[in-house]
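Asks: In this text, residue positions in the sequence shown follow the numbering used here: the first is 209, and each later residue adds one.
After the structure tokens below, expect a handful of questions from me.
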Amino acid sequence: MKRVFSAMIVRRVCRPFLGIALAAGIWGVIPMALADLASEAVSGSLWTERLDKLVPVLFADARAKQVDNTSLRVLQNGRLTFGTLKPAEILITIDPEKGLIREISTTLYNKGDDGALLKQEFEARLKASVAALNDTFGMEASAGRLKKNEAGVTGKSWEWVGDHFAARLEASSTGVGRKYVAEFIRLSLVPDRESLKRGGAKDAAHRADLKDNVKREDDGTVWITGIPMVDQGDKGYCVPATVSRVFAYYGMDGVDQHALAALCKSSDAGTSLDDMKKALTRICSSFHMRVRPWDWIKPKIISKELQRKAAKLDSLVSVNEISPLMLEIVRKRPHLMKQGFNEIKKQINEGIPVVWAVVLGLFQEQGLPQSMGGHMRLIIGYNEEKQTIIYSDTWGAGHEKKEMPLSYACAMTHLLCVLRPTL
């Protein structure tokens, strides 16, 4: 973390992998040959067998991490393939009621996990991927283009449609010349062509309907239900992953974290808040939304207090001294803390989640390593009686709904932001 309170970079926070080994019992550990997911999809068996029956056969020895009750993130064990392609990570979307797989998706390349590629390297990988999938599906793909108002970015696409499956490969890059950036190559495999459809601008939720998602608990907790989880993995994608959750909540699930990473200029190091705000302003206008950022405590107030403390110490303020100082700053200004809390309550009551840029490491949070760094999460609720906020992180199961004292939340805030549908 270089500059916490100025041009802050919101980056990933290193943490232990929370995955589970696919062990005996429902998951099973069975020696096996290569499992070709594409062949299983083409035959139709991938969509008709319950997941608990498929896992011991297809995903033995792989590591899986639950994202939420509808998806599972599987890390490659070297045996899973899409024909001859071997992606490192696979996301399985499940029908929780039927226990059937609805979609299998993966990125054959993304800059966050795989690093930068030269233009020639990216195009060669893309060409090889299309050729491999043509062989796998036994047909030539129909080529098309990504539509910005549906995918968030422009690029190329290829589709294969059979009797029991449909597949779409999408690729995007940005910039030209020295500014060229290879963004992603992603593949989706579903039971039929209709399932390839993704929500775009025309599918954006209406503000009046969002209030139906607000739940009020007996203990006074008010929170928003139905916000999909997105797991950023080990990438520095907390900004695009967080924003993609808001988009999906509004019905625009075609704009995923990889597309937003391209628009926000995210990298493995993270995302500049300035880049994020510029990108959000651009794309929100295309999706019938508007973006409104605000400060909980003005940066100049914090800067002034830090300078005063440094002058008193005749030295720079150390990391250990920042935490109590930040709490002192907000507790001396209860009117500002209350104003921010009232604004948060207003948004939550309308079913609007609040995008929350924070400085991690100022306070101990259970289940997280004590690491100083920028991060982005969602405020999804509050409890006025307890003076707490309810929040959610982009780290999968176990991070969907957590609680924090209001003063801590205020002290660690760098920026608050709402993306509101205009319809």
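Cβ coordinates follow ideal geometry from the N, Cα and C atoms, glycine included.
At the level of alpha carbons, what is the spacing between Leu570 and Val438?
Replies: Working through the sequence shown from its first residue, we reach residue 570 at position 362. Working through the sequence shown from its first residue, we reach residue 438 at position 230. Spanning the two alpha carbons is a distance of roughly 25 Å.
Asks: If you draw a straight line from the C-alpha of Ala375 to the C-alpha of Ile435, how long is it?
Replies: As a first step, residue 375 must be located in the sequence shown, where it is residue number 167. As a first step, residue 435 must be located in the sequence shown, where it is residue number 227. Approximately 26 Å between the Cα atoms of the pair.
Asks: Return the chain-ordered list of same chain residues with a C-beta closer than 8 Å to the C-beta of Val454, the five sequence neighbours on each side being excluded.
Replies: Looking up residue 454 in the sequence shown gives position 246. Closer than 8 Å at the Cβ level, and outside the excluded window around Val454, lie Ile435, Pro561, Val563, Leu586 and Leu627.
Asks: Determine the DSSP secondary structure at Pro629, reduced to helix, strand or coil.
Replies: By one-based count along the sequence shown, residue 629 stands at place 421. In the structure shown, Pro629 sits in a strand (DSSP, three-state: E or B).
Asks: Looking at Val430 and Tyr590, is the spacing between their C-beta atoms short of 8 Å?
Replies: Working through the sequence shown from its first residue, we reach residue 590 at position 382. Working through the sequence shown from its first residue, we reach residue 430 at position 222. Yes, the pair counts as a contact, with Cβ atoms nearer than the cut-off.
Asks: Measuring alpha carbon to alpha carbon, tell me which residue in Ile432, Ala518 and Cys472 is nearest Lys610.
Replies: Locating residue 610 in the sequence shown gives position 402, counting from the first residue. It is Ile432.
Asks: On a Cα-Cα basis, can you pick out the residue from Ala469, Ile597 and Ala565 that is closest to Met612?
Replies: Stepping through the sequence shown from its first residue, residue 612 is reached at position 404. Checking every option, the nearest Cα to that of Met612 belongs to Ile597.
Asks: How far does the beta strand (DSSP E) with Met497 in it extend, from its first residue to its last?
Replies: Within the sequence shown, numbered from 1, the residue matching residue 497 stands at position 289. Element bounds for Met497: Met497 to Trp502.
Asks: Put Gly320 into one of helix, strand or coil per three-state DSSP.
Replies: Within the sequence shown, numbered from 1, the residue matching residue 320 stands at position 112. Correct three-state label for Gly320: helix.
Asks: The beta strand (DSSP E) that contains Ser191, what's its start and end?
Replies: Here the chain covers residues 209 to 631 and nothing more, so residue 191 does not appear.
Asks: Below 6 Å CB to CB, which residues in the same chain sit around Thr344 once its five sequence neighbours on both sides are set aside?
Replies: Mapped onto the sequence shown, residue 344 falls at position 136. Taken in chain order, the residues that qualify are Ala246 and Gly291.
Asks: Using the C-alpha atoms, what's the distance from Leu354 back to Gly548?
Replies: Taking the first residue of the sequence shown as 1, we reach residue 548 at position 340. Taking the first residue of the sequence shown as 1, we reach residue 354 at position 146. Cα to Cα, Gly548 sits roughly 39 Å from Leu354.
Asks: Counting only runs of 4+ residues fully inside the region 542-620, write out the alpha helix (DSSP H) ranges in chain order.
Replies: The region 542-620 contains these whole alpha helix (DSSP H) runs: 542-557 and 614-619.
Asks: Taking the straight line between their C-alpha atoms, what separation do you get for Met580 and Arg539?
Replies: Looking up residue 580 in the sequence shown gives position 372. Looking up residue 539 in the sequence shown gives position 331. Their Cα atoms are separated by approximately 22 Å.
Asks: Grab me the residues of Thr382's own chain with a C-beta within less than 7 Å of its C-beta, minus the 5 sequence neighbours each way, in chain order.
Replies: To locate residue 382, count along the sequence shown from 1; it is residue 174. Hits under 7 Å: Val389, Glu391 and Ala470.
Asks: By Cβ distance below 8 Å, which residues in the same chain neighbour Met620 in space, the five residues on each side in sequence not counted?
Replies: For the purposes of this step, residue 620 is taken as the residue at position 412 of the sequence shown. Counting only Cβ-Cβ distances below 8 Å, and skipping sequence neighbours, we find Met534, Val566, Val567, Leu568, Leu570 and Phe571.
Asks: Counting along the chain, where does the alpha helix (DSSP H) carrying Glu331 start and finish?
Replies: In the sequence shown, residue 331 corresponds to position 123, counting from 1. Counting along the chain, the alpha helix (DSSP H) containing Glu331 begins and ends at Lys327 to Phe345.
Asks: Where does Leu533 fall in DSSP's three states?
Replies: By 1-based counting over the sequence shown, the position of residue 533 is 325. If DSSP states are grouped into helix, strand and coil, Leu533 belongs with the helices.
Asks: Where does the unbroken beta strand (DSSP E) through Leu524 begin, and where does it stop?
Replies: The sequence position of residue 524 within the sequence shown is 316, counting from 1. Run containing Leu524: none; DSSP gives neither H nor E here.
Asks: Distance, Cα to Cα, Leu624 vs Ala268?
Replies: Along the sequence shown, read from residue 1 onward, the residue named residue 624 stands at position 416. Along the sequence shown, read from residue 1 onward, the residue named residue 268 stands at position 60. Going by the C-alpha atoms only, they are around 43 Å apart.
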